[in-house]
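Residue numbers (my numbering), protein chains in the order written: chain Z, 1 to 362; chain A, 1001 to 1328. We treat Cβ as the ideally placed atom computed from N, Cα and C, and that holds for glycine. Data block below; observations after.
Written out as structure tokens, the structure reads:
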């Protein structure tokens, strides 16, 4: 019995470690704050985690399959957001009601991300499979070019994307007392343990969960998924078995960048549409992937969740003022400190486990 | 061949030293105003950027470490110099020492963490560190010292080196800085240590098999290139009289990459030519096309990555080799 348990532990070590870290963080959170504050911090963390997942899953899959680290991933996230916003705010779109418009905007973001990604892989990255370092140099250069193009079209000022009407009602009986009531009154926030939480963010969490489930089904239950997983193991062997791996490469690249493009639109009502978002989320995607380990979808998900929680807890601590035991007064810090500290979390993981939580040792 | 190269270098240095006087004689304007003063400034910036590019090449071209966080050192040098000059009123020699010390500490810390991983992981980790510094430089918590998103303005530069009042002096100091760095990096790359750097780039496993502790050598490369980049950043801050978050931004790293790749990675003259090319062409494009010129740059960069992987110097060398083969 103990033997079986030990084998199971060895196999699931990464999962166990991840769950332990999360459990510790949650316990610390509940010890430090009231339950309702802690819950809303957790939900904020899940919201961020869902957005990070949309970026990191593509990064991780693309790297796992074709060994390309796509520095243009953030650019496509941003391009998706800009194009989705352009549709959402355009005159053509105004004819439709805002919910349908938003749904189409998500599709526009996803489609433009996938299309741009597919073109990029096919035209620019494919000639460079023999020169791996140059792929990285190229995608970094593409980020530069793409950002300049976006700047030329939309200017340097940022835009604010309105939350669609489904999540944006503001009647006297708002915020909705429960999730069930929300379905009839569509308030912009819902009371959770007596504390209002934006309903749109709950939708983001739901979207992230659905995207994860969809990816898992695609990878585990379909024929294409088998080919992709086999390709991650050994692309040449799959090629030798008569599968057109190059086409699978393009498809996976488009899938990853499409998810990122969708993520851009999903994130836009929360963070706005601006020129800094690509860089910011590319970096968070990297950190998530480094924490989780490259080439594994579960790893990318775990990394994104851990990072999202860390950011949410960090923001809460920073905003509430940080008071360490030896301090007389709490020091108040800006959010930049919380943003910067995620990099240190990554450095810590790298020091303890260079291949990430779910990564294979090479 | 070697002797010719030496002569060429010396000739170039002397030409650059005489350049302000020649330009003043040609235009008939006094040496400390008008066109001569403007071009002294342009070339002084080229010298500073050349050192920055060469420092990056030591890491990427010679040792084969692709770091995307080089801006961190450049900005750290600028900010260290700016803060010490403005808030602590240190003398310049002490500031130079402090910049070196800060760069060594940063290089050791970042090297020790990021060099544990390889390849693309390293690029991500170094990018993350640089981005952390960028975020911190904009943080409002340190506005008192760093000026947050406005940058550290009005750095008091010693009167004898003032880039506005004593432009000719600044020109010669930056020229000397550039020549000194060039010879330093040349000495390093031609030394046994430099040979190990190249061995690591070519095949790290083999270098380790011979018995070299490649981690230490890579750490050394990172620290050395970091110190040079920080000094270049210090000079840049002295020239601009300010240090701003832009010095730490990813675009500054891309600039280093651009100069190195365009000129030719793994050569000494390449990055310097690249620096001159980019700065002077950037000025030309800026006057011709206005604020859209970075787009042209980016496109040129993508084109060079795709079609001229060894840069100008590489392309030139292979052209010469082909000509010789044809003649033989």
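Contact belief for residue i with residue j at Cβ below 8 Å, rounded distance in angstroms
i	j	result
residue 1044 (chain A)	residue 1272 (chain A)	So it is not a contact: roughly 14 Å between Cβ atoms.
residue 1222 (chain A)	residue 1107 (chain A)	5 Å
residue 1054 (chain A)	residue 1268 (chain A)	7 Å
residue 1153 (chain A)	residue 1246 (chain A)	Incorrect: roughly 13 Å between the Cβ atoms, too far for contact.
residue 22 (chain Z)	residue 210 (chain Z)	Rounded, the Cβ-Cβ distance is 21 Å, inconsistent with contact.
residue 164 (chain Z)	residue 253 (chain Z)	Actually they are not in contact, since the Cβ atoms of residue 164 (chain Z) and residue 253 (chain Z) sit about 30 Å apart, beyond 8 Å.
Interface partners of residue i on chain Z, CB under 8 Å
i	result
residue 1226 (chain A)	By Cβ distance, chain Z contributes nothing, its closest Cβ being about 17 Å from residue 1226 (chain A), past 8 Å.
residue 1138 (chain A)	336
residue 1294 (chain A)	144, 148
residue 1113 (chain A)	347, 350, 351
residue 1254 (chain A)	140, 141, 144
residue 1135 (chain A)	336, 339, 340
Residue i, buried or exposed, once every other Cβ within 10 Å from all chains shown has been counted against 16
i	result
residue 223 (chain Z)	exposed
residue 1191 (chain A)	exposed
residue 56 (chain Z)	buried
residue 132 (chain Z)	exposed
residue 362 (chain Z)	Because the pLDDT of residue 362 (chain Z) is 45, which lies under 50, any placement of that residue in the model is unreliable, and the number read from its coordinates should be weighed accordingly. Looking at its Cβ environment, which holds fewer than 16 other Cβ atoms inside 10 Å, residue 362 (chain Z) is exposed.
residue 1216 (chain A)	exposed
residue 1183 (chain A)	exposed
residue 237 (chain Z)	exposed
residue 1218 (chain A)	buried
residue 1165 (chain A)	exposed
residue 108 (chain Z)	buried
residue 1145 (chain A)	exposed
residue 20 (chain Z)	exposed
residue 1037 (chain A)	buried
residue 1060 (chain A)	buried
residue 161 (chain Z)	buried
Interface residues of chain C facing residue i [CB-CB closer than 7 Å]
i	result
residue 354 (chain Z)	Among the protein chains in the structure shown, which are Z and A, there is no chain C.
Coil, strand or helix - residue i by DSSP
i	result
residue 217 (chain Z)	helix
residue 362 (chain Z)	The predicted model places residue 362 (chain Z) with a pLDDT of 45, which falls under 50 and marks its position as unreliable; any figure quoted below should be read in that light. Three-state DSSP puts residue 362 (chain Z) in coil, outside helix and strand.
residue 1136 (chain A)	helix
residue 1178 (chain A)	helix
residue 176 (chain Z)	strand
residue 1289 (chain A)	helix
residue 203 (chain Z)	helix
residue 1066 (chain A)	coil
residue 198 (chain Z)	strand
residue 191 (chain Z)	strand
residue 169 (chain Z)	strand
residue 1152 (chain A)	strand
residue 1243 (chain A)	strand
residue 52 (chain Z)	helix
residue 382 (chain Z)	With chain Z covering 1 to 362 only, the question about residue 382 (chain Z) has no answer from this structure.
residue 33 (chain Z)	coil
residue 1212 (chain A)	coil
residue 333 (chain Z)	coil
residue 243 (chain Z)	coil
residue 71 (chain Z)	coil
residue 1157 (chain A)	coil
residue 1203 (chain A)	coil
residue 1333 (chain A)	Nothing can be reported for residue 1333 (chain A), as the shown portion of chain A is limited to 1001 through 1328.
residue 12 (chain Z)	coil
residue 1167 (chain A)	helix
residue 1032 (chain A)	coil
Under 7 Å by beta carbon: chain A residues contacting residue i
i	result
residue 253 (chain Z)	Result: empty, since nearest Cβ-Cβ is about 16 Å, beyond 7 Å.
residue 31 (chain Z)	Those do not exist, as residue 31 (chain Z) stays about 27 Å from chain A at its closest Cβ, beyond 7 Å.
residue 134 (chain Z)	1305, 1309
residue 152 (chain Z)	1292, 1295
9 Å Cβ cut-off: residues of chain Z touching residue i
i	result
residue 1128 (chain A)	283, 286, 287, 290, 342, 343, 346, 347
residue 1262 (chain A)	Under the 9 Å cutoff, chain Z gives no residues; its nearest Cβ is about 11 Å from residue 1262 (chain A).
Contact list for residue i against chain Z, beta-carbon separation under 7 Å
i	result
residue 1250 (chain A)	279
residue 1302 (chain A)	138, 141, 142, 145
residue 1247 (chain A)	The contacting residues do not exist; residue 1247 (chain A) stays about 16 Å from chain Z at best.
residue 1298 (chain A)	141, 144, 145, 148
Closer than 9 Å at the beta carbon, the chain A residues around residue i
i	result
residue 115 (chain Z)	Going along chain A, no residue has its Cβ under 9 Å from residue 115 (chain Z), so there is no contact; the nearest lies around 19 Å.
residue 69 (chain Z)	1119, 1120, 1121, 1123, 1124
residue 357 (chain Z)	Per Cβ cutoff of 9 Å: no residues; residue 357 (chain Z) is ~14 Å from chain A at best.
heavy atom of the ligand GTP below 7 Å from residue i C-beta
i	result
residue 118 (chain Z)	As far as ligands go, the structure on display features none, and thus does not contain the ligand GTP.
Those runs of the alpha helix (DSSP H) which lie wholly inside the segment 1082–1117 of chain A and span at least 4 residues: Listed in chain order, they are 1092–1114.
Length at least 4, wholly inside the segment 114–161 of chain Z: the alpha helix (DSSP H) runs in chain order: Taking only runs of at least 4 residues, the alpha helix (DSSP H) segments lying wholly in the segment 114–161 of chain Z are 132–154.
Alpha helix (DSSP H) segments (min. 4 residues) lying fully within the segment 270–319 of chain Z: The qualifying runs are 277–292, 297–319.
Whole alpha helix (DSSP H) elements within the segment 1247–1317 of chain A, 4-residue minimum: Within the segment 1247–1317 of chain A, the complete alpha helix (DSSP H) runs of at least 4 residues are 1250–1263, 1269–1289, 1293–1307.
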